[in-house]
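Beneath this line is the structure, given in structure tokens, with notes to follow.
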Amino acid sequence: MAITLYTSEGKRTELTSLAEVRAEILTAAKSAAEADRHDSITVELGCGKHALTEPFFLSKTENPELDAVDITLRGEKGKTTVHSHRTLLGKDMTPVEGKPGVYTYQFPKDENGKYPLFHELCVNGSPVCRTKSPVWINPTPITPEEKSGEVKKPGFYVPLAIAKTLAEGDIGSTELMMCIEWEFLILHVASVDLESTLEERGQTYALVKFWEGEIDYVCEKSWRLKFNGRNTWFQNSPAFLSEPGTYAYDYKHGVLSLFLRDEDVLDGGFSVEYPTVETLIHLEGVANVTLENLNFMGVTSKYVCENLVYAGQANNLRGVGRLKTAAVLANTTRTLTVRDCSFLGIGTNGVQVFNYSAGTVIENCTFKDVGMSAVTVGNPSWHWEEKQNRTFAVRIENNYMNRIACDYLGAPAIFIGQVDGLQILHNTVIDCSYSAVSIGWSWSALHCELGERTNIRDAEVAYNYFENFMDKLRDGGAVYVLGGNCHKDCTDERFNRMHHNFAYIHELREDSAKYGYYLDESSSNWEVSDSVVINIHRLPIYSQWFKQSLTYHNTFKNIYSTTPRIVMEHSHVPERDVVTENYVLVEEGPEALFEKYPEARAIRDGAGAHL
Numbered sequence: 014m015a016i017t018l019y020t021s022e023g024k025r026t027e028l029t030s031l032a033e034v035r036a037e038i039l040t041a042a043k044s045a046a047e048a049d050r051h052d053s054i055t056v057e058l059g060c061g062k063h064a065l066t067e068p069f070f071l072s073k074t075e076n077p078e079l080d081a082v083d084i085t086l087r088g089e090k091g092k093t094t095v096h097s098h099r100t101l102l103g104k105d106m107t108p109v110e111g112k113p114g115v116y117t118y119q120f121p122k123d124e125n126g127k128y129p130l131f132h133e134l135c136v137n138g139s140p141v142c143r144t145k146s147p148v149w150i151n152p153t154p155i156t157p158e159e160k161s162g163e164v165k166k167p168g169f170y171v172p173l174a175i176a177k178t179l180a181e182g183d184i185g186s187t188e189l190m191m192c193i194e195w196e197f198l199i200l201h202v203a204s205v206d207l208e209s210t211l212e213e214r215g216q217t218y219a220l221v222k223f224w225e226g227e228i229d230y231v232c233e234k235s236w237r238l239k240f241n242g243r244n245t246w247f248q249n250s251p252a253f254l255s256e257p258g259t260y261a262y263d264y265k266h267g268v269l270s271l272f273l274r275d276e277d278v279l280d281g282g283f284s285v286e287y288p289t290v291e292t293l294i295h296l297e298g299v300a301n302v303t304l305e306n307l308n309f310m311g312v313t314s315k316y317v318c319e320n321l322v323y324a325g326q327a328n329n330l331r332g333v334g335r336l337k338t339a340a341v342l343a344n345t346t347r348t349l350t351v352r353d354c355s356f357l358g359i360g361t362n363g364v365q366v367f368n369y370s371a372g373t374v375i376e377n378c379t380f381k382d383v384g385m386s387a388v389t390v391g392n393p394s395w396h397w398e399e400k401q402n403r404t405f406a407v408r409i410e411n412n413y414m415n416r417i418a419c420d421y422l423g424a425p426a427i428f429i430g431q432v433d434g435l436q437i438l439h440n441t442v443i444d445c446s447y448s449a450v451s452i453g454w455s456w457s458a459l460h461c462e463l464g465e466r467t468n469i470r471d472a473e474v475a476y477n478y479f480e481n482f483m484d485k486l487r488d489g490g491a492v493y494v495l496g497g498n499c500h501k502d503c504t505d506e507r508f509n510r511m512h513h514n515f516a517y518i519h520e521l522r523e524d525s526a527k528y529g530y531y532l533d534e535s536s537s538n539w540e541v542s543d544s545v546v547i548n549i550h551r552l553p554i555y556s557q558w559f560k561q562s563l564t565y566h567n568t569f570k571n572i573y574s575t576t577p578r579i580v581m582e583h584s585h586v587p588e589r590d591v592v593t594e595n596y597v598l599v600e601e602g603p604e605a606l607f608e609k610y611p612e613a614r615a616i617r618d619g620a621g622a623h624l
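Residue numbers for the sequence shown, in the numbering used here: 14 to 624.
Pasting the structure below:
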């Protein structure tokens with residue numbers, strides 16, 4: 014696994030670790046800065062696995078000389094992995110008597126008396142899933158008295174059979190997951206009280222209690238959203254270790270429980286890999302960095318192991334904000350390119366760029382089994398006047414994304430904050446918990462001249478393929494945009510375009526609030542055209558109509574759909590210059606639509622990544 018570093022001076026240095034690479038980059042940058050020249054550095058990472066025990070960190074704040082170099086980290090296509098995994102061998106795990114394929118492992122405490130914290134696991138290099146109970150519908154609301162603190166809520170009620178399974182097994186670090194509209198909640202189970210029950214619609218429920226203070230926090234922070242009638246389940250529970258290819262990790266007591274598939278045991282053995290860091294590559298203030306042909310694995314979010322998670326729009330955690338954690342984490346960068354890379358089985362964001370940025374390019378990458386967003390660029394803030402919130406010239410093109418927001422359900426597959434200059438082209442997004450694409454911020458119209466301030470300007474979202482988006486949460490869409498662009502009296506120009514996108518949900522699920530192309534909260538100056546949207550229960554197209562956040566100057570034209578629920582007064586309002594032209598409906602289903610309108614089939618066939 015030799016690593017070779019090249020500089021534009023013609024120097025070539027053989028290195029053995031990424032720690033040595035960092036040191037040599039800083040040495041070369043210092044030399045260039047002192048000579049008042051600008052150099053290029055290319056690091057060729059050999060095939061194989063390159064392990065990190067801490068993030069690979071390059072900071073202009075700490076090392077101003079980095080301004081004097083352009084840096085490329087390049088691997089061999091499909092053969093170079095950067096990770097933080099530590100490995101357990103099957104021979105070191107304990108088989109559970111009477112349960113073939115089930116193993117446990119007791120982690121020792123580290124020098125600080127702590128067990129390792131992680132929320133992801135691989136077996137023989139492939140991600141495996143946390144255990145999951147049957148899903149139930151939460152039967153009880155949070156009452157006004159519980160929200161105000163006048164009455165103390167004891168916990169949530171769970172169907173008796175599920176509660177019994179949990180009570181009779183090992184609770185470990187069992188988590189309760191609840192989907193709440195566009196928000197979600199993760200709590201940690203403390204105990205089960207089978208004596209405290211309630212009857213609801215002929216079914217018996219038992220009380221489940223949580224770690225100290227968690228349910229009180231939920232009551233205090235809960236907004237106007239309803240908690241009853243929401244999909245709820247347990248995860249990461251040893252009591253539900255019943256399916257091969259699943260695991261539960263009790264991070265409170267350091268006990269791993271694992272149920273292998275037959276094919277996991279290779280030549281009588283197997284290996285288990287767990288991640289140790291929350292970020293692999295961390296960039297701060299640097300410019301002209303390229304990451305190419307690298308496979309990223311072994312990144313986890315430790316936050317959920319010690320804290321409840323109550324998150325809303327774009328994965329904003331109540332009282333915390335968005336977690337800064339990613340395989341590639343970039344703060345205030347210019348001309349960052351991530352090309353031909355893969356991100357597999359990571360519990361964080363794939364690529365996260367926050368604060369000011371210009372010239373971010375993510376292209377030809379694959380993202381699979383990602384805990385948060387595949388790509389997120391910019392801040393969820395409406396203060397464009399503050400430099401840290403300005404995002405310029407983003408291009409996200411020809412990427413494949415599958416199973417996104419596995420851990421943090423409110424994370425869009427692609428999130429972009431306020432932006433001036435955006436292209437999201439030829440991407441494929443399949444199976445994501447919330448919106449496939451979310452762009453913009455701010456809920457009110459902007460009273461400014463064109464060019465004075467930006468929410469979304471000069472944006473193009475085109476030729477993308479979206480399948481089974483909004484799989485867990487509601488009130489989002491295949492493409493969700495929000496925030497005003499300029500005062501309605503300044504211009505009627507449509508300077509943002511959304512076209513030739515294909516959006517498809519396998520089955521028409523009547524759980525409402527799942528949209529196709531969704532122009533929310535003052536989103537104006539958009540032309541949405543030549544696109545297909547199939548099996549959307551609510552509205553295939555939507556243009557916000559609430560008085561405090563009216564949309565203006567939006568055109569929907571040549572939209573092909575199997576859903577009739579378009580005709581609402583705010584989808585066609587000529588007095589606001591919100592116009593729908595040529596909405597083509599074929600209620601008989603997708604095949605009938607494609608047969609009758611070949612142009613719709615051509616949109617489908619031309620959409621998505623080509624990797």
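Just so it is clear, CB atoms sit at the ideal spot from N, CA and C, and this is done for glycine as well.
Cβ neighbour criterion (16 or more within 10 Å) applied to residue i
i, result
"residue 557", "buried"
"residue 480", "buried"
"residue 624", "exposed"
"residue 51", "exposed"
"residue 587", "exposed"
"residue 501", "buried"
"residue 102", "exposed"
"residue 136", "buried"
"residue 521", "exposed"
"residue 161", "exposed"
"residue 333", "exposed"
"residue 25", "exposed"
"residue 527", "buried"
"residue 566", "buried"
"residue 543", "buried"
"residue 449", "buried"
Residues near residue i in its chain [Cβ-Cβ closer than 6 angstroms; skip 5 each side]
i, result
"residue 58", "16, 88, 93"
"residue 205", "176, 179, 180, 221"
"residue 245", "149, 151, 191"
"residue 184", "202"
"residue 83", "53, 301"
"residue 473", "436, 510"
"residue 452", "429, 469, 494"
"residue 70", "295"
"residue 605", "599"
"residue 20", "41, 52, 54"
Any non-hydrogen atom of the ligand MG closer than 7 angstroms to residue i Cβ
i, result
"residue 103", "This structure lacks the ligand MG; in fact it carries no ligand of any kind."
C-beta atoms of residue i and residue j nearer than 8 angstroms
i, j, result
"residue 345", "residue 298", "yes"
"residue 573", "residue 610", "yes"
"residue 132", "residue 314", "yes"
"residue 119", "residue 282", "no"
"residue 168", "residue 439", "no"
"residue 188", "residue 207", "no"
"residue 616", "residue 575", "no"
"residue 286", "residue 66", "no"
"residue 254", "residue 107", "no"
"residue 484", "residue 420", "no"
"residue 397", "residue 431", "yes"
"residue 78", "residue 46", "yes"
"residue 146", "residue 270", "no"
"residue 186", "residue 128", "no"
Neighbourhood of residue i by C-beta distance below 7 angstroms, restricted to the same chain and skipping five residues each side
i, result
"residue 375", "351, 364, 388, 409, 412"
Residues that residue i bridges to, as DSSP identifies them
i, result
"residue 308", "94, 355"
"residue 493", "451, 531"
"residue 282", "279"
"residue 52", "82"
"residue 413", "379, 441"
"residue 507", "Per DSSP, none; premise fails for residue 507."
Contact set for residue i: own chain, Cβ-Cβ below 8 angstroms, skip 5 residues either direction
i, result
"residue 158", "164"
"residue 233", "160, 162"
Closer than 8 angstroms to chain D by CB, residue i
i, result
"residue 70", "The chain inventory of the structure shown lacks chain D, comprising one protein chain alone."
Inset, instruction - Answer yes if the segment 227 to 247 comes into contact with the segment 354 to 369, meaning at least three C-beta pairs across the two stretches below 8 angstroms, and no otherwise. - result: Contact between the segment 354 to 369 and the segment 227 to 247 is absent, because fewer than three Cβ pairs lie under 8 angstroms.
Legend entry - Meets three-Cβ-pair contact criterion under 8 angstroms: the segment 423 to 433 and the segment 372 to 391: Pairwise C-beta distances place the segment 423 to 433 in contact with the segment 372 to 391, as three or more of them are shorter than 8 angstroms.
Legend entry - Three or more C-beta pairs below 8 angstroms linking the segment 271 to 282 and the segment 307 to 323: No, the segment 271 to 282 is not in contact with the segment 307 to 323.
Inset, instruction - Mind the definition here: the segment 528 to 545 touches the segment 499 to 507 only if three or more C-beta pairs lie below 8 angstroms; say whether that holds. - result: Contact between the segment 528 to 545 and the segment 499 to 507 is present, because at least three Cβ pairs lie under 8 angstroms.
Inset, instruction - Would you check if there are 3 or more beta carbon pairs closer than 8 angstroms linking the segment 558 to 568 to the segment 597 to 606? - result: Short answer: they don't touch.
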